[in-house]
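> Got a structure here, written out as structure tokens. Questions coming.
Protein chains: 2
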Amino acid sequence: MKKISEIRKSFFGDKYVIFAPKRSLRPHKISEEEAKRKEQFKENCFFCPSPNEERAIYQIDASGKWLVKVVENKFPALSLSNPKAYGKQEIVIDTPNHGEDFCDLSPEHIRTILDVYAARIKSINELENINYVQVFKNDGGKAGASIPHAHSQIIGLEFIPHHMMTDTLAMDKYFCEKGSCAYCDIIHKEQKEKERIVFEDANVVAFCPWASSSPFALWILPKAHKNKLEDLTPEERLSVAEALKLATSKLDKEEIPYNFFIHDSLPHNDHHFRLKIASRMNVWGGFEIGSGVIINPVFPEDAAMFYKG
Amino acid sequence: MKKISEIRKSFFGDKYVIFAPKRSLRPHKISEEEAKRKEQFKENCFFCPSPNEERAIYQIDASGKWLVKVVENKFPALSLSNPKAYGKQEIVIDTPNHGEDFCDLSPEHIRTILDVYAARIKSINELENINYVQVFKNDGGKAGASIPHAHSQIIGLEFIPHHMMTDTLAMDKYFCEKGSCAYCDIIHKEQKEKERIVFEDANVVAFCPWASSSPFALWILPKAHKNKLEDLTPEERLSVAEALKLATSKLDKEEIPYNFFIHDSLPHNDHHFRLKIASRMNVWGGFEIGSGVIINPVFPEDAAMFYKG
Chain A
697 MKKISEIRKS
707 FFGDKYVIFA
717 PKRSLRPHKI
727 SEEEAKRKEQ
737 FKENCFFCPS
747 PNEERAIYQI
757 DASGKWLVKV
767 VENKFPALSL
777 SNPKAYGKQE
787 IVIDTPNHGE
797 DFCDLSPEHI
807 RTILDVYAAR
817 IKSINELENI
827 NYVQVFKNDG
837 GKAGASIPHA
847 HSQIIGLEFI
857 PHHMMTDTLA
867 MDKYFCEKGS
877 CAYCDIIHKE
887 QKEKERIVFE
897 DANVVAFCPW
907 ASSSPFALWI
917 LPKAHKNKLE
927 DLTPEERLSV
937 AEALKLATSK
947 LDKEEIPYNF
957 FIHDSLPHND
967 HHFRLKIASR
977 MNVWGGFEIG
987 SGVIINPVFP
997 EDAAMFYKG
Chain B
697 MKKISEIRKS
707 FFGDKYVIFA
717 PKRSLRPHKI
727 SEEEAKRKEQ
737 FKENCFFCPS
747 PNEERAIYQI
757 DASGKWLVKV
767 VENKFPALSL
777 SNPKAYGKQE
787 IVIDTPNHGE
797 DFCDLSPEHI
807 RTILDVYAAR
817 IKSINELENI
827 NYVQVFKNDG
837 GKAGASIPHA
847 HSQIIGLEFI
857 PHHMMTDTLA
867 MDKYFCEKGS
877 CAYCDIIHKE
887 QKEKERIVFE
897 DANVVAFCPW
907 ASSSPFALWI
917 LPKAHKNKLE
927 DLTPEERLSV
937 AEALKLATSK
947 LDKEEIPYNF
957 FIHDSLPHND
967 HHFRLKIASR
977 MNVWGGFEIG
987 SGVIINPVFP
997 EDAAMFYKG
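From first to last, the protein sequence lines are chains A and B. Converting from the first sequence to my numbering requires adding 696 to each position, the first position being numbered 1. Converting from the second sequence to my numbering requires adding 696 to each position, the first position being numbered 1.
Below, the structure is given as structure tokens:
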């Protein structure tokens, strides 16, 4: 394990991360809390199949029952009928089985969830005045999950979020200066250096990024320069699902709360699709909030060993 | 209280915030936890006066004893001797009295702390290769505080943090387009609209910003266009201290963890000094982390009523 602090600048863009390893890295065990939380919500769970269950906007069936289902968010911050907070919020229920974690699902089941994401992103993007769709998962109370039944969320926005804008401008600048895609170049760099790669097959590569802004951060990228989840072949999606299962299983085993995000290219741009996992085990202090500079106790090389171990 | 969601764009820059009021806003009471935490650390507290106490880098005395004291951070992520993580970390011990909260201090005592910040910022900025100094406070475990004895932190960096860069570029753009200082214009706008102002005297104005990215966010600004804390007159610093005491007392009473930050102008720029308070009562989910767009349950107009109430 690396012991000496180190500041790293992201491969493109202007973000710095301070890596400052800590002696005791063992995450706080939250099994009992989480188990209680899951039990508490089991009765009258909104997301469980029941005679009065929520009407689906979209669903995928298997053996005559739904396998993955999309419903309206019952308590949305945004809606299509509020001009002051215009937007669309949906929930993807990952499985009908309460208590089954995302990482317990088969790669084929996870691929089906990715198919559902792609279909809903496309559909929500077609709504009037929607200019960005964000898909994300909160796993664990510390990562913002309020209902324990495995689910993901989709938010359609009228505006382009700040992080997307920043990332896109940085990628455009890179394209202009180097004549190539930053993420394609990152893949080649990671393949050459090897020590941060966690998973690789014919279709995708998954690695802990050089200047990761959270412990155990992981990026999953298609090797081919694809713009959006929709453009990935079924084989590529299955590979993404396999990498995702591997990573979330490890995080789950150590009870590390996490988020993941689907980042399609912005419309009218030609940027590489990426799926990003962020762990939520450290509390940000005033320094992180005030400066945007993250102090990360886990070097990505050590995080890669954790995933491969 | 405002009940309907609303999206707001910051006055300058490109950040959006979604205001989505929640029915139950009562913060989670953490008094017992915090009281236990304070008690636990009372014996052998690093920051309490003792025969073996830490050597001061800088201190202000009163009645023959130290009143505010600056020491080296014993567990720094950065140091002047590590070229891979170059920087300087200091701790400002706000008071010799364990258990006395920042908000319990007199305005004059808080002004003395501001004097200490100004002196240390100046001194650290003079070190070789230091290009930015960040002063911040973490109050409460959820805001990142690990030691309960009231203290603030200072970090000197070789690089300009991302948030500062973004803010500075946005202010420069505003200067170029409008020919005036964005923060001066914000002060005039807030004075005209009144409903977000919490504190005002001859020297400073404190208000909950229009597109605040945390519940109960508050900005304290000198009315005069001053660049840095160092340039504020003793009277202006006392006014900042009074506003700070008022705000932190209210947050403390409701047990809301908070951070505050000192934002001087970057060197070679002519930008308005600001002190920003951010509360830490809500957990960010995948949406916030992935998109940078914050869902804030408290409108700034309601936050202003909270501070004034």
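All C-beta atoms, glycine included, are put in the ideal place defined by N, C-alpha and C.
Determine, using beta carbons only, whether Thr791/A comes closer than 9 Å to chain B.
No - not a single Cβ of chain B is within 9 Å of the one on Thr791/A.
> So is Gln887/A in contact with chain B if we call contact Cβ pairs under 9 Å?
Not one chain B Cβ lies under 9 Å of Gln887/A.
> From Ile826/A to Glu739/A, what does the alpha carbon distance come to, in whole angstroms?
Approximately 36 Å, taken between the alpha carbons.
> Using the three-state DSSP reduction, which class does Pro717/A fall into: helix, strand or coil?
Residue state, collapsed to three classes: coil.
> So, Ile680/A versus Val989/A, is the Cβ gap smaller than 9 Å?
Chain A is shown from 697 up to 1005; residue 680/A falls before or after that span and cannot be answered.
> Just to confirm my understanding: we take Ser746/B, look at its own chain, exclude 5 residues before and 5 after, and list those with CB closer than 6 Å. What are they?
Nothing meets the Cβ criterion.
> Only counting the same chain, and skipping five residues up and downstream in sequence, which positions put a Cβ closer than 7 Å to that of Tyr870/A?
So the qualifying residues of the chain are Phe708, Ala878.
> Could you spell out where the beta strand (DSSP E) holding Asn992/A opens and where it closes?
Residues 990-992.
> How about Asn923/B and Asn992/B: are their beta carbons less than 9 Å apart?
No. Outside cutoff.
> In chain A, which residues lie less than 7 Å from Glu702/B when you measure between Cβ atoms?
In chain order: Lys780, Ala781.
> Asn778/A and Ser701/B look like a contact to me (Cβ under 8 Å); what is the Cβ gap, rounded to whole Å?
Their Cβ separation, rounded to whole angstroms, is 6 Å, which keeps Asn778/A and Ser701/B in contact under 8 Å.
> Quick one, which of Val788/A, Ile893/A, Pro792/A, Leu971/A has its alpha-carbon nearest Glu997/A's?
Looking at the Cα atoms, Ile893/A is the closest of the given residues.
> Per DSSP, what are the beta-bridge partners of His959/A in this structure?
DSSP output for His959/A lists Arg970/A as bridge partner(s).
> Whether or not the segment 749-760 of chain A and the segment 938-951 of chain A are in contact is what I'm after, with contact meaning three or more pairs of Cβ atoms, one per stretch, closer than 8 Å; do they touch?
At 8 Å Cβ cutoff, the stretches do not touch.
> In terms of alpha-carbon separation, which member of Lys780/A, Leu934/A, Ala758/A, Glu891/A lies closest to Phe995/A?
The option with the nearest alpha carbon to Phe995/A is Glu891/A.
> Phe832/A by DSSP, collapsed to three states: which one?
Three-state result, Phe832/A: strand.
> Leaving out the 5 sequence neighbours to the left and right, which residues in its chain are closer than 7 Å to Leu925/B when beta-carbon positions are compared?
Same-chain partners within the cutoff: Leu810, Tyr813, Ala814, Ile817, Ile958, Asp960, Phe969.
> Taking only runs that begin and end inside the segment 768-823 of chain B, name each unbroken alpha helix (DSSP H) of 4 or more residues, in chain order.
As far as the segment 768-823 of chain B is concerned, its whole alpha helix (DSSP H) runs of at least 4 residues are 803-821.
> Could you list which residues in chain B have their beta carbon closer than 9 Å to that of Leu861/A, in chain order?
The sequence shown places Met at residue 861/A, not Leu. Here the neighbours are Asp710, Gly988.
> At a CB-CB cut-off below 8 Å, which residues of chain A make contact with Asn834/B?
Under the 8 Å cutoff, chain A gives Gly981, Gly982.
> For Gly875/A, is the classification buried or exposed, using 16 other Cβ atoms within 10 angstroms of its Cβ as the cut-off for buried?
Gly875/A comes out exposed.
> When burial is assigned at 16 or more other CB atoms within 10 Å of the CB, is Ala841/B buried or exposed?
It is buried - the Cβ of Ala841/B has at least 16 other Cβ atoms within 10 Å.
> Closest Cβ-Cβ distance between Gln830/A and chain B: below 9 Å?
Yes, its Cβ sits closer than 9 Å to a Cβ of chain B.
> Measure the alpha-carbon distance for Lys919/B versus Ala902/A and round it to whole angstroms.
Taking the straight line from one Cα to the other gives about 51 Å.
> Opposite Trp762/B in the DSSP bridges: which residues?
DSSP output for Trp762/B lists Asp757/B as bridge partner(s).
> Where does Glu824/B land, buried or exposed, given buried means 16+ other C-beta within 10 angstroms?
Its Cβ having fewer than 16 others within 10 Å, Glu824/B is exposed.
> Would you mind working out which of Phe983/A, Phe1002/A, His794/A sits nearest Gln849/B, comparing C-alpha positions?
When each option's Cα is compared against that of Gln849/B, the closest is Phe983/A.
> Apply the 10 Å Cβ neighbour rule to Thr791/B and answer buried if 16 or more other Cβ atoms are within range, or exposed otherwise.
Looking at its Cβ environment, which holds 16 or more other Cβ atoms inside 10 Å, Thr791/B is buried.
> Using a beta-carbon distance below 9 Å, is Lys972/B in contact with chain A?
Yes, Lys972/B counts as interfacial toward chain A.
> Determine whether the beta carbon atoms of Ser987/A and Pro857/B lie at a separation below 9 Å.
Yes, these two residues count as a Cβ contact at 9 Å.
> Mapping DSSP to helix, strand and coil, what is Gly1005/B?
The answer is coil: DSSP assigns Gly1005/B none of H, G, I, E or B.
> Which class does Pro996/B belong to by DSSP, given the choice of helix, strand or coil?
Helix, per DSSP.
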